[in-house]
Amino acid sequence: MSRILIVAEHLDGKLNPATARCVSCAQAIGGEIHVAVLAEAPEAVAAEAAKIAGVAKVLTVANAANAKPVAQVLAPQVAALAKDYSHVLGPSTTFGKDLMPCVAALLGLAQVSDVMAVEGPHTFKRPIYAGNAIITVEAPAGMTVVATVRTASWPAAGEGGDATVEAAAVEVALPAHTRYLGLQQGKSDRPDLQSAGKVVSGGRALGSADNFKLIYSLADRLGAAVGASRAAVDAGYVPNELQVGQTGKIIAPELYIAVGISGAIQHLTGIKDAGTIVAINKDPEAPIFEVADYGLVGDLFQILPELEKAL
Amino acid sequence: MKILVGYKRVVDYNVRIQVKPDGSGVVTEGVKLSPNPFDDIALEEALRLRDKGIATEVVVATIGPADCQAHLRNGLAMGANRAIHVVADQAVQPLTAARALLKLAEKEQPQLVLLGKQAIDDDSNQTGQMLATLWGRPQATFASKLEIAGDKATVTREVDAGLETLEVDLPAVVTTDLRLNEPRFIKLPDIMKAKSKPIETIAFADLGVESGDHLKTTAYAPPPKRSKGVMVKDVAELVSALKAKGLV
Ligand SMILES: Cc1cc2nc3c(=O)[nH]c(=O)nc-3n(C[C@H](O)[C@H](O)[C@H](O)COP(=O)(O)OP(=O)(O)OC[C@H]3O[C@@H](n4cnc5c(N)ncnc54)[C@H](O)[C@@H]3O)c2cc1C
Ligand SMILES: Nc1ncnc2c1ncn2[C@@H]1O[C@H](COP(=O)(O)O)[C@@H](O)[C@H]1O
Numbered sequence: 001m002s003r004i005l006i007v008a009e010h011l012d013g014k015l016n017p018a019t020a021r022c023v024s025c026a027q028a029i030g031g032e033i034h035v036a037v038l039a040e041a042p043e044a045v046a047a048e049a050a051k052i053a054g055v056a057k058v059l060t061v062a063n064a065a066n067a068k069p070v071a072q073v074l075a076p077q078v079a080a081l082a083k084d085y086s087h088v089l090g091p092s093t094t095f096g097k098d099l100m101p102c103v104a105a106l107l108g109l110a111q112v113s114d115v116m117a118v119e120g121p122h123t124f125k126r127p128i129y130a131g132n133a134i135i136t137v138e139a140p141a142g143m144t145v146v147a148t149v150r151t152a153s154w155p156a157a158g159e160g161g162d163a164t165v166e167a168a169a170v171e172v173a174l175p176a177h178t179r180y181l182g183l184q185q186g187k188s189d190r191p192d193l194q195s196a197g198k199v200v201s202g203g204r205a206l207g208s209a210d211n212f213k214l215i216y217s218l219a220d221r222l223g224a225a226v227g228a229s230r231a232a233v234d235a236g237y238v239p240n241e242l243q244v245g246q247t248g249k250i251i252a253p254e255l256y257i258a259v260g261i262s263g264a265i266q267h268l269t270g271i272k273d274a275g276t277i278v279a280i281n282k283d284p285e286a287p288i289f290e291v292a293d294y295g296l297v298g299d300l301f302q303i304l305p306e307l308e309k310a311l
Numbered sequence: 312m313k314i315l316v317g318y319k320r321v322v323d324y325n326v327r328i329q330v331k332p333d334g335s336g337v338v339t340e341g342v343k344l345s346p347n348p349f350d351d352i353a354l355e356e357a358l359r360l361r362d363k364g365i366a367t368e369v370v371v372a373t374i375g376p377a378d379c380q381a382h383l384r385n386g387l388a389m390g391a392n393r394a395i396h397v398v399a400d401q402a403v404q405p406l407t408a409a410r411a412l413l414k415l416a417e418k419e420q421p422q423l424v425l426l427g428k429q430a431i432d433d434d435s436n437q438t439g440q441m442l443a444t445l446w447g448r449p450q451a452t453f454a455s456k457l458e459i460a461g462d463k464a465t466v467t468r469e470v471d472a473g474l475e476t477l478e479v480d481l482p483a484v485v486t487t488d489l490r491l492n493e494p495r496f497i498k499l500p501d502i503m504k505a506k507s508k509p510i511e512t513i514a515f516a517d518l519g520v521e522s523g524d525h526l527k528t529t530a531y532a533p534p535p536k537r538s539k540g541v542m543v544k545d546v547a548e549l550v551s552a553l554k555a556k557g558l559v
């Protein structure tokens with residue numbers, strides 16, 4: 001039977017919902033599921049993780065060096081824990097992408113990135129070429145599997161678990177070559193882009209940061225998160241953490257409204273798993289209409305105020 | 312200081328990749344190949360550091376088949392001082408690439424290794440992190456700003472929550488995100504100049520690297536298609552459709 005360790009992602013004492021999505025992937029692999037919380041003071045996060053249905057045990061590693069997520073500091077500790085497991089999973093977020101290859105390298109193993117489906121304990125599906133092809137990969141049967149989990153492909157496992165919480169003793173030397181200087185976070189009361197049920201995104205067509213208020217306003221009306229194309233981020237209309245796509249966030253909301261976004265393949269790969277896609281664009285030939293469930297051709301500056309009024 | 316740049320050749324980002332009907336791979340015959348966009352950004356950043364007098368030498372390295380020479384000439388035309396070509400018959404997986412790059416790092420002793428955050432063919436996003444680990448050096452992935460002062464680098468990283476800043480001791484591995492810079496265009500005279508720049512060729516077998524190509528790809532499939540939707544004529548029709556689905 002598989003023994004699966006999931007590395008918890010957390011920030012400011014709160015568990016990231018990506019962790020519960022990894023639990024769903026682990027359930028598809030099948031086996032005993034443990035979650036590791038590496039932090040300065042892991043208690044609160046561990047308590048949250050223990051409530052995820054399907055988790056048998058939560059391991060805590062308390063260390064002042066773990067106050068901030070520095071991959072090269074966390075990796076040797078995760079690698080030490082990995083000895084007892086057949087699978088070590090992390091989310092395909094910037095946290096997991098930064099950390100998990102380090103763990104794999106320490107173990108001398110290849111990593112399976114962006115697991116979107118499980119075909120067997122060592123057989124997985126993952127996207128390549130910006131999602132234009134899906135490959136089936138087999139990891140060697142005798143080796144531990146290190147993988148990142150494509151969070152948009154997996155629902156979050158529910159609550160109702162009651163895992164035991166146990167402190168793990170990890171004795172490894174940690175490097176001192178990296179100093180964490182800070183995190184500049186866009187403060188927002190809006191829903192989180194990666195877990196929101198509804199998302200309204202704006203593209204280059206918005207033309208300015210000021211005009212982007214139209215997107216925020218519609219999003220607030222719908223209780224939606226705000227996203228953007230790369231062009232909108234590059235132009236400085238919105239901060240980078242709102243970028244959706246191959247090199248931004250891969251999301252799977254129930255409703256995605258793309259406004260003034262052409263639908264480049266790199267953008268579409270970030271929204272393929274959305275439930276319903278709405279596209280508003282003045283160009284009837286825009287590629288976004290090929291994936292949209294509902295397309296509306298017209299000028300966004302006319303349509304958005306109308307739409308807000310009609311809701 | 313010396314900068315080593317990972318410079319992989321990939322299918323151009325504008326190509327619409329097609330899976331072969333028999334599922335044995337993707338169609339690569341006759342498609343346009345280009346430097347990985349993130350590697351162009353890595354090279355550009357290295358050249359800017361040289362322009363500022365911080366770096367003295369920029370070396371581009373690729374692990375790829377024999378016909379990668381033209382690709383490396385491209386990096387030399389952009390401005391790299393020289394190139395290293397590790398000749399491998401087939402594409403290598405990230406762990407193998409990292410092991411090979413480690414050999415080059417040990418030999419060249421760069422103060423900075425700049426790689427792309429991901430290669431847009433395999434989309435692995437692993438090699439830089441693996442190299443830093445094997446090398447026992449710091450990593451700063453997804454960089455959107457890089458400043459070097461003495462033997463330290465301050466790197467702004469694009470993370471999900473916003474912008475994170477790390478200070479790392481050099482030598483270090485930095486992987487690039489799209490907003491780090493905009494690569495320069497290559498000018499014709501530079502293409503001429505590049506012809507006389509040196510490319511060192513090393514057979515992969517001579518590097519003494521154990522392959523880490525543990526993963527076997529057994530099938531290729533096109534992604535599930537979204538069924539084509541409907542065009543609505545106005546806002547009212549859109550709203551009633553969304554209401555009918557319970558989405559608004
Ligand atoms: C390696 C790589 C990675 C990338 N990663 C990403 C990524 O993660 N995410 C991403 O989004 N992009 C990414 N891109 C960029 C991508 O290729 C496109 O350039 C980008 O998505 C375009 O953004 P856009 O649709 O906002 O702009 P444009 O392509 O310029 O489209 C603007 C659209 O707005 C419409 N329009 C204009 N005026 C109006 C109006 N008044 N009313 C209604 N419609 C209007 C136009 O018809 C057009 O369709 C990446 C590119 C590369 C090379
Ligand atoms: N075969 C290779 N040759 C040169 N550089 C490579 C190679 N493979 C990976 N890299 C570097 O590692 C980065 C990340 O690749 P990957 O981990 O495959 O997504 C790329 O952007 C390159 O800078």
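The listed protein sequences correspond, in order, to chains A and B.
Take 1 as the starting number for the first sequence in this note's numbering and just add one per residue.
Take 312 as the starting number for the second sequence in this note's numbering and just add one per residue.
We treat Cβ as the ideally placed atom computed from N, Cα and C, and that holds for glycine.
Here the structure is a predicted model, which is why all the values come from computation and not from measurement.
Practice task
Output yes or no for whether 8 Å exceeds the beta carbon distance between A:Glu306 and B:Val546.
Solution key: A contact, by the Cβ cut-off of 8 Å.
Practice task
Buried or exposed for B:Glu475, please, with buried defined as at least 16 other CB atoms from any protein chain shown within 10 angstroms of its CB.
Solution key: By the 10 Å Cβ count, B:Glu475 comes out buried.
Problem - Cβ-based neighbour list, A:Ile313, same chain, cut-off 6 Å, excluding 5 preceding and 5 following - result: The requested residue 313 of chain A does not occur in the structure, where chain A is confined to residues 1 to 311.
Exercise for the section: Classify A:Pro91 as helix, strand or coil using the three-state DSSP reduction. Expected result: Assigned with DSSP and collapsed to three states, A:Pro91 falls in strand.
Problem - DSSP three-state assignment for B:Gln437, whether helix, strand or coil - result: In the structure shown, B:Gln437 sits in coil (DSSP, three-state: anything other than H, G, I, E or B).
Handout entry: A:Ala104 and A:Ala110 closer than 8 Å at C-beta
Key = Taking 8 Å as the Cβ cut-off, A:Ala104 and A:Ala110 qualify as a contacting pair.
Handout entry: Where B:Met389 falls: helix, strand or coil (DSSP)
Key = Helix.
Handout entry: Buried versus exposed call for A:Pro253 [16 or more other C-beta atoms within 10 Å across all chains shown]
Key = Counting C-beta atoms within 10 angstroms of its own C-beta, A:Pro253 has 16 or more neighbours from the protein chains shown and is therefore classed as buried.
Practice task
Count the other C-beta atoms from every protein chain shown that fall within 10 angstroms of the C-beta of A:Ala169, then say buried if there are 16 or more, exposed otherwise.
Solution key: Exposed.
Practice task
Starting from the C-beta of A:Ala209, find all residues in its chain whose C-beta is less than 6 Å away, skip the five residues before and the five after it, and write them out in chain order.
Solution key: Excluding five sequence positions before and after A:Ala209, the CB atoms of its chain that fall closer than 6 Å to its own CB belong to Tyr237, given in chain order.
Problem - alpha helix (DSSP H) segment containing B:Thr407, residue limits - result: Judged by DSSP secondary structure, B:Thr407 falls within the alpha helix (DSSP H) whose first and last residues are 405 to 419.
Problem - Whether A:Val259 touches A:Ile277 by CB criterion (8 Å) - result: No, they are not a contact pair.
Practice task
Just the C-alpha distance for A:Ala219 and B:Gly540, rounded to the nearest angstrom, thanks.
Solution key: So the alpha carbons of these two residues sit roughly 23 Å apart.
Exercise for the section: Can you tell me which of B:Leu406, B:Gly375, B:Ala505 puts its alpha carbon nearest to the alpha carbon of B:Val520? Expected result: Closest option to B:Val520, Cα to Cα, is B:Leu406.
Problem - Cβ-Cβ distance between B:Phe515 and B:Val397 below 8 Å - result: In this structure, B:Val397 lies closer than 8 Å to B:Phe515 by Cβ.
Exercise for the section: Could you check if B:Leu499 is buried or exposed, using at least 16 other CB atoms within 10 Å of its CB as the buried criterion? Expected result: Result: exposed.
Practice task
Report whether the distance from the Cβ of B:Arg490 to the nearest heavy atom of ligand 1 is below 7 Å.
Solution key: No - ligand 1 has no heavy atom lying nearer than 7 Å to the Cβ of B:Arg490.
Practice task
Please confirm if A:Glu138 has its CB atom under 8 Å from at least one CB of chain B.
Solution key: Closer than 8 Å to some Cβ of chain B, the Cβ of A:Glu138 qualifies, so yes.
Problem - Endpoints, beta strand (DSSP E) assigned at A:Phe124 - result: Taken as a continuous stretch (DSSP letters only), the beta strand (DSSP E) holding A:Phe124 covers 123 to 128.
Handout entry: Below-8 Å beta-carbon distance, B:Ile502 vs any chain A residue
Key = B:Ile502 has a beta carbon lying at 8 Å or more from every beta carbon in chain A.
Problem - Through-space distance from A:Ala141 to A:Ala50, alpha-carbon basis - result: Approximately 30 Å, taken between the alpha carbons.
Exercise for the section: Please name the residues in the region 496 to 528 of chain B whose beta-carbon is closer than 8 Å to at least one beta-carbon of chain A, in chain order. Expected result: Flagged, chain order: Gly523, Asp524, His525, Leu526, Lys527, Thr528.
Exercise for the section: Run the proximity test for B:Asn347: is its beta-carbon closer than 7 Å to any non-hydrogen atom belonging to ligand 2? Expected result: Yes.
Handout entry: Own chain partners of A:Asn240 with C-beta closer than 6 Å, once the 5 adjacent residues on each side are dropped
Key = Apart from sequence neighbours up to five positions away, the residues of its chain that approach A:Asn240 with a beta-carbon distance below 6 Å are Val233, ordered along the chain.
Exercise for the section: Report the neighbours of B:Val479 on chain A: residues whose CB is nearer than 7 Å to its CB, in chain order. Expected result: Simply His177, Thr178.
Exercise for the section: Report yes if the C-beta distance between B:Val470 and B:Val479 is below 8 Å; otherwise report no. Expected result: No, Cβ-Cβ distance for B:Val470 and B:Val479 is not below 8 Å.
Exercise for the section: Kindly indicate if chain B contains any beta-carbon less than 8 Å away from that of A:Ile6. Expected result: With 8 Å as the cut-off, A:Ile6 does not count as an interface residue toward chain B.
Practice task
Measure how close the beta-carbons of A:Thr178 and A:Val70 come, nearest whole angstrom, since I'm counting them as under 8 Å.
Solution key: A Cβ-Cβ distance of about 5 Å is found for the pair A:Thr178 and A:Val70, placing them in contact under the 8 Å criterion.
Exercise for the section: Starting from the C-beta of B:Glu355, find all residues in its chain whose C-beta is less than 7 Å away, skip the five residues before and the five after it, and write them out in chain order. Expected result: Hits under 7 Å: Asn492, Pro494, Arg495.
Practice task
Measure the C-alpha to C-alpha separation of B:Arg361 and B:Glu368 and round it to an integer number of angstroms.
Solution key: Going from the Cα of B:Arg361 to the Cα of B:Glu368 covers about 7 Å.
Problem - For A:Gln246, three-class secondary structure by DSSP - result: In the three-state reduction of the DSSP assignment, A:Gln246 falls in the coil class.
Practice task
Take the Cβ of B:Arg327 as the centre, count every other Cβ of all protein chains shown within 10 Å, and call the residue buried at 16 or more, exposed below.
Solution key: Label assigned to B:Arg327: exposed.
Exercise for the section: Give a yes or no on whether the minimum CB-CB distance between B:Asn436 and chain E is below 8 Å. Expected result: Here chain E cannot be found, since the structure's protein chains are A and B.
Practice task
Confirm the yes/no value for this check: CB of B:Ala483, any heavy atom of ligand 2, distance under 7 Å.
Solution key: Incorrect: B:Ala483 has no Cβ contact closer than 7 Å to ligand 2.
Problem - Nonlocal neighbours in the same chain, by C-beta distance under 7 Å from A:Arg204, ignoring five residues either side - result: Taking C-beta separations shorter than 7 Å and ignoring five residues to either side along the sequence, the partners of A:Arg204 in its chain run Ser229, Ala231, Ala232, Ala235, Gly260, following chain order.
Exercise for the section: Mind the definition here: the region 433 to 447 of chain B touches the region 400 to 418 of chain B only if three or more C-beta pairs lie below 8 Å; say whether that holds. Expected result: Judged by Cβ distances under 8 Å, the region 433 to 447 of chain B makes contact with the region 400 to 418 of chain B, as three or more pairs qualify.
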